[in-house]
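2 protein chains.
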Amino acid sequence: MYRTHTCGEIRASHAGQTVTLAGWVNRRRDHGGVAFFDLRDRSGVVQITINPDLPKEILDAVANVRFEWVLQIEGFVQKRPAGNENPNMATGEIEIIAKHITILNPAKTLPFMVSSDADLPDENMRLKYRYLDLRRERLTNNMVLRHKVVKFMRDYLDKQGFIEIETPIMFKATPEGARDYLVPSRLFPGQFYALPQSPQQLKQLLMVSGMDKYFQIARCFRDEDLRGDRQPEFTQLDLEMSFVHRDDVLDLVEGLFTEMIPAVAPHKKLYSSPWPKFSYKEVLERFGSDKPDLRFGMELVDVTDILAKSEFKVFQSALEAGGAIKCIVAPKSAEMSRKELDALTEVAKSFGAKGMPYLAVTAEGAKGSAAKFFKEEELTALKEKSGAGVGDLIVFASDARAIVNKTLGGLRLWFRDKLDLADKTMMAFAWVVDFPFFAFNEETQAWESEHHPFTMPKMADLPKFDSNPAEVYSEAYDMVCNGYETASGSIRIHRRDIQMKMFQMLGLSEEDIQAKFGHMLEAFEYGAPPHGGMAPGIDRLVMLLADEPNIREVIAFPKNQNGRDVMADAPSGVEPKQLKELKIKFE
Amino acid sequence: MYRTHTCGEIRASHAGQTVTLAGWVNRRRDHGGVAFFDLRDRSGVVQITINPDLPKEILDAVANVRFEWVLQIEGFVQKRPAGNENPNMATGEIEIIAKHITILNPAKTLPFMVSSDADLPDENMRLKYRYLDLRRERLTNNMVLRHKVVKFMRDYLDKQGFIEIETPIMFKATPEGARDYLVPSRLFPGQFYALPQSPQQLKQLLMVSGMDKYFQIARCFRDEDLRGDRQPEFTQLDLEMSFVHRDDVLDLVEGLFTEMIPAVAPHKKLYSSPWPKFSYKEVLERFGSDKPDLRFGMELVDVTDILAKSEFKVFQSALEAGGAIKCIVAPKSAEMSRKELDALTEVAKSFGAKGMPYLAVTAEGAKGSAAKFFKEEELTALKEKSGAGVGDLIVFASDARAIVNKTLGGLRLWFRDKLDLADKTMMAFAWVVDFPFFAFNEETQAWESEHHPFTMPKMADLPKFDSNPAEVYSEAYDMVCNGYETASGSIRIHRRDIQMKMFQMLGLSEEDIQAKFGHMLEAFEYGAPPHGGMAPGIDRLVMLLADEPNIREVIAFPKNQNGRDVMADAPSGVEPKQLKELKIKFE
Chain A
1 MYRTHTCGEI RASHAGQTVT LAGWVNRRRD HGGVAFFDLR DRSGVVQITI
51 NPDLPKEILD AVANVRFEWV LQIEGFVQKR PAGNENPNMA TGEIEIIAKH
101 ITILNPAKTL PFMVSSDADL PDENMRLKYR YLDLRRERLT NNMVLRHKVV
151 KFMRDYLDKQ GFIEIETPIM FKATPEGARD YLVPSRLFPG QFYALPQSPQ
201 QLKQLLMVSG MDKYFQIARC FRDEDLRGDR QPEFTQLDLE MSFVHRDDVL
251 DLVEGLFTEM IPAVAPHKKL YSSPWPKFSY KEVLERFGSD KPDLRFGMEL
301 VDVTDILAKS EFKVFQSALE AGGAIKCIVA PKSAEMSRKE LDALTEVAKS
351 FGAKGMPYLA VTAEGAKGSA AKFFKEEELT ALKEKSGAGV GDLIVFASDA
401 RAIVNKTLGG LRLWFRDKLD LADKTMMAFA WVVDFPFFAF NEETQAWESE
451 HHPFTMPKMA DLPKFDSNPA EVYSEAYDMV CNGYETASGS IRIHRRDIQM
501 KMFQMLGLSE EDIQAKFGHM LEAFEYGAPP HGGMAPGIDR LVMLLADEPN
551 IREVIAFPKN QNGRDVMADA PSGVEPKQLK ELKIKFE
Chain C
588 MYRTHTCGEI RASHAGQTVT LAGWVNRRRD HGGVAFFDLR DRSGVVQITI
638 NPDLPKEILD AVANVRFEWV LQIEGFVQKR PAGNENPNMA TGEIEIIAKH
688 ITILNPAKTL PFMVSSDADL PDENMRLKYR YLDLRRERLT NNMVLRHKVV
738 KFMRDYLDKQ GFIEIETPIM FKATPEGARD YLVPSRLFPG QFYALPQSPQ
788 QLKQLLMVSG MDKYFQIARC FRDEDLRGDR QPEFTQLDLE MSFVHRDDVL
838 DLVEGLFTEM IPAVAPHKKL YSSPWPKFSY KEVLERFGSD KPDLRFGMEL
888 VDVTDILAKS EFKVFQSALE AGGAIKCIVA PKSAEMSRKE LDALTEVAKS
938 FGAKGMPYLA VTAEGAKGSA AKFFKEEELT ALKEKSGAGV GDLIVFASDA
988 RAIVNKTLGG LRLWFRDKLD LADKTMMAFA WVVDFPFFAF NEETQAWESE
1038 HHPFTMPKMA DLPKFDSNPA EVYSEAYDMV CNGYETASGS IRIHRRDIQM
1088 KMFQMLGLSE EDIQAKFGHM LEAFEYGAPP HGGMAPGIDR LVMLLADEPN
1138 IREVIAFPKN QNGRDVMADA PSGVEPKQLK ELKIKFE
């Protein structure tokens, strides 16, 4: 046996026992002829004391032991002398007096330290040596947290009568939004499997098959241009239920998350229970975003009516063009410097605004770029409606309503970060519902599905499909948390006629429809039940729970921001023989 | 709400309640103006009674209802009249007297019946309409069983301190046996990701990272020529542990399976506990197979010594060439017809034998092709050693020992099937250990690894690496059950020097080693712990537990025997634009 205990589990109650441990040298100190090793395994760290009275061959063997060597140690558990306890270590009441030491594997000097997060190296260096970086306590804990999250989900859904069903990774190329990753077939040259962007079609077919309540921790693949926090492959809790209305699905998922958060991340607080439910229109108007961060106020205030007769040209021209005027109030920001305000104006412009009028509310009255254009009664009404007080900064946007909302929504988040307004222990979940069914693509001048083409429209809006697509609403819903979209779902189409109409609206030819979705349309003719589901993303959820800045920190072996695995060097060239077997050439 | 209950849960205790159910029409009978629907969902079937006193619009609506229509039914639970109960249905004590019926979706006539397994259509037809085929009670139950198996594994391993970690599906092309499926990179044209044949390297790197006890229900991919019961993608319980010796791993897995079988498949019996453990040499000698079926006897008997002086030329020449003579005894088979014996001889030849001498033990003495060559004392010794009695058939093989074992091992299974010797309720698990480390490939005249190149040799055999590779044994082990290999694993190499030597023995160039395995070799230098693991296959295990003849019956959406998904039609052609983006042309 390599060990009788793990390093992190030894307590004062073990005092007097002889134990065998195995692990890595986390630190080494030498002090007055005595060597102290902190021995580490996944469970924690324990102090090993190597006294000079040990046999010479042992002392000689350990003389060279450095960071990250792998040792097996047999020793005697002893309470530390009074005053020498370390309250910062779970094992801090005891030490192990070494009797035998076996070097299981030496270690070269690591390319970076893993016993501390100070001086983190460049991310590509961390990823190249991912197997070392994962030794960091923080990353190890992230892996354990991720395991717990997924375990909780599985246990909860199992209890609710769901069954987990694996769906194929090698499936059909069916462009449904993003680009597919393709897998060339050797047996059928020129033909390809595709890696699924999600198991959407398959889970719907499982509902047609009567599986009733399905889930899967599903790997999904999207060949998108990588930017920000995307990975070529990601993981979602994919679930689908039969014989449900929208709120049946929301209640199930809300119940799961509400029980899960305290169980897996007790340091996190839920914003409210039950979760708030907003219409898409409402969140845009109030928060300027379809994924609002509810952990702080600063809601958007519509002041179009108050400023309807403003003498400020910027406002006038916006109103004349049929636009709106709205503002947000940044607390205690009246003293912002000219430089900061200029920078902020650039932020506003990045969201499409032409400028960023503002008012600083001071004890001496309103100041700022637009102050002189405001009449006294406008100022009074403005302060009353927006709640702005002395010391606050009022920031305006006036333009088409969509641009106004987007701009102020963006600035609201800017202030959140600058003023540290969001409680980091809070998980502010909410539902967003009643999305528009179609989105008009200005570029292609065509209607597209706002969600995906399998989402059910509101039945009452069906007659408006042809006459007024902009006024058709959908049975889609999003789960949002802290400014992120954490899940998306919908009640699905289960009738062939509606699905067919949907594909036709999207401009697909009959041929295309048959080739790509023929099996779905046919399935709906053989007794498809009403059904719906959703798919919370696992990576982002764990990232939020672990207080990490990006999803790479919670994925064991992530690709870097260019989509490369820099540890194993993938993608990479392959042998000519392999290409020949696939009958592939490159241009 | 679509339903208050599921169909299968209604019992006599619900009598008097009004319930709402939703499901599929499993059967319809009309009898004296009353219609009876069996309504089905995943939970089971319940009888709906539609009396002629219902409003005309309801009666009209249901007049056309046929098999597999989807209905919602509100009705009154009523105990069936005495004598009308159906003891074969869990809901057989009650019926639902319909009050309202809503047609949720009609159904065209299905291409085949799903309410019965009689007249199963051609498999490709079943796979094309897999979403309908899964409605069969048998297939639905297989999916539920699979869910339970995997759930049990996860719960058990979680309790043992394992954490589940997801490893990438898009990884590096590293030919390690079978052919890789490749994924062309759009961002790096000419380069490829590969789908993992197993997470072997990644799980070893997780051990280097200190994850200690890892598992994953892992999808694996092999682009092999499809034959028999193979799928391009399959699923295994992938697990790995640090600081373990061989028996630590075996004990863990044996504990898991021993608790699991009665929990998930109570109709199955375990052959023994603890499981028998055989050396590779021993199973070949006794059962003629490295995956012995222990559910019946008919072990191979070595009769070389008895027949050392045989006058039978066939035996003589085998012995002169240094071979062996062995036999098996087929019970009650002395009366086999000439035709059957000829057929059996062909079976023997398919395993490499040149012929198949046999003796039928009858009340009148030994009969058969070789009978006349046997001396009386040989016959006596033979019967004593083999235990053959009157009515039995003794079948011989004489050749090189490997061919003898293989032939009799194959014939043993032939008799198992013919004579129905194996108890179908039995799960006869066993361990096979002490495999040879190298295998000599006669074709390439080179040594190959018998298991895979990361398997540790027995340390005591290291000195024989160069001088006598055939006598090096490995720390590999197999789990076998009922004649199948159900898992394979090993203690791994964790030292760079041994791994390097292994790659060199396999004839890899320094360049190849660096390009393909550089990251592994480097990892071993930074403090790799001793580790090992194994990977039980999920598909075959569930197949055995479900008494199915092949793994396609326990996979939700399998490929057919040509590796095609005939439901969605994959693989298939893709749009020229996609090939252009990948810069791919076909020869």
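Note that the protein sequences, when read in sequence, are chains A and C. Residue 1 is where the first sequence starts when you use the working numbering, and the numbers rise one by one after that. Residue 588 is where the second sequence starts when you use the working numbering, and the numbers rise one by one after that. Glycine included, each C-beta is placed from N, C-alpha and C at the ideal position.
Between Ser985 (chain C) and Ile915 (chain C), the C-beta spacing is not below 8 angstroms. Within the same chain, Val301, Val303 and Ile306 come within 8 angstroms of Lys385 (chain A) by CB-CB distance, once the 5 residues on both sides are set aside. Look at Ile306 (chain A) here: in three-state DSSP terms it is coil, with no helix or strand label. Identification of residues in the region 147-167 of chain A having a C-beta nearer than 7 angstroms to some C-beta of chain C yields His147, Val150, Lys151, Arg154, Asp158, Ile163, Glu164, Ile165, Glu166 and Thr167, given in sequence order. Leaving aside the five residues that flank Phe1022 (chain C) on each side, the residues in its chain whose CB is nearer than 6 angstroms to its CB run, in chain order, Tyr867, Glu1037, Ser1061 and Ala1063. Note that the C-beta distance between Phe1090 (chain C) and Ile1100 (chain C) is below 8 angstroms.
Under the three-state reduction of DSSP output, Ser1036 (chain C) falls in the strand class.
For Lys501 (chain A), there are no neighbours in chain C by C-beta distance under 7 angstroms, as the nearest C-beta there is about 16 angstroms away.
When DSSP assignments are scanned along the region 273-346 of chain A, the uninterrupted stretches of beta strand (DSSP E) that are 3 or more residues long and fall wholly within it turn out to be 277-279 and 324-330. Residue pairing by DSSP leaves Tyr131 (chain A) without any beta bridge partner.
Nearest CB-CB separation between Arg138 (chain A) and chain C: not below the 8 angstroms threshold.
In the displayed model, Val1153 (chain C) falls within coil according to three-state DSSP, outside both helix and strand. Using beta-carbon distances, Gln1165 (chain C) counts as an interface residue toward chain A, with a partner under 8 angstroms. Judged by beta-carbon spacing, Glu1035 (chain C) lies beyond the 8 angstroms limit of Phe1024 (chain C), meaning their Cβ atoms are not closer than that value. Secondary structure of Trp611 (chain C) (DSSP, three-state): strand.
Under the 8 angstroms criterion on CB atoms, Glu661 (chain C) is classed as non-interfacial with respect to chain A.
Collapsing the DSSP output to three states places Met113 (chain A) in coil.
Of all residues in the region 544-575 of chain A, only Ile555, Ala556, Phe557, Pro558, Lys559, Asn562, Gly563, Arg564, Asp565, Met567, Ala568, Asp569, Ala570, Pro571, Ser572, Gly573, Val574 and Glu575 place a beta-carbon less than 9 angstroms from a beta-carbon of chain C.
Measuring C-alpha to C-alpha distances from Glu299 (chain A) to each of A:Phe287, A:Lys79, A:His519 and A:Asn141 identifies A:Phe287 as the nearest. Contact between Lys79 (chain A) and Ala12 (chain A) holds, with the beta-carbon distance rounding to 6 angstroms and staying under 8 angstroms. Below 8 angstroms, enough C-beta pairs join the region 626-634 of chain C and the region 597-615 of chain C to call them touching: three or more. Residue environment analysis places Ile103 (chain A) among the exposed positions, since fewer than 16 neighbouring C-beta atoms fall within 10 angstroms of its C-beta. When 7 angstroms is used as the limit between beta carbons, His1081 (chain C) is near these residues of chain A: Asn105, in chain order. Here DSSP, grouped into helix, strand and coil, assigns Gln78 (chain A) to strand. For Gln78 (chain A), the closest Cβ of chain C is not nearer than 8 angstroms.
Listed as beta-bridge partners of Asp41 (chain A) by DSSP are A:Gly44. In the structure shown, the three-state DSSP call for Trp69 (chain A) is coil. Under the three-state reduction of DSSP output, Glu485 (chain A) falls in the strand class. Between Thr425 (chain A) and Phe351 (chain A) the beta-carbon gap is near 29 angstroms, outside 8 angstroms, which marks them as no contact. When secondary structure is reduced to three states using DSSP, Val208 (chain A) falls in the helix class.
Below the 8 angstroms Cβ cutoff, chain A contributes Arg186 as neighbours of Asp810 (chain C), in chain order.
Taking the CA atoms as reference points, Leu195 (chain A) sits about 18 angstroms from Ile1171 (chain C). In terms of beta-carbon proximity, Gln191 (chain A) lines the interface with chain C, with at least one pair separated by less than 8 angstroms. Burial is judged here by how many other beta carbons sit within 10 angstroms of a residue's own beta carbon; His531 (chain A) has at least 16 and is buried.
Separation of Thr345 (chain A) and Pro331 (chain A) (C-alpha to C-alpha, rounded to the nearest whole angstrom) is 18 angstroms.
Residues of chain A with a Cβ closer than 7 angstroms to the Cβ of Pro819 (chain C) are, in chain order, Met170.
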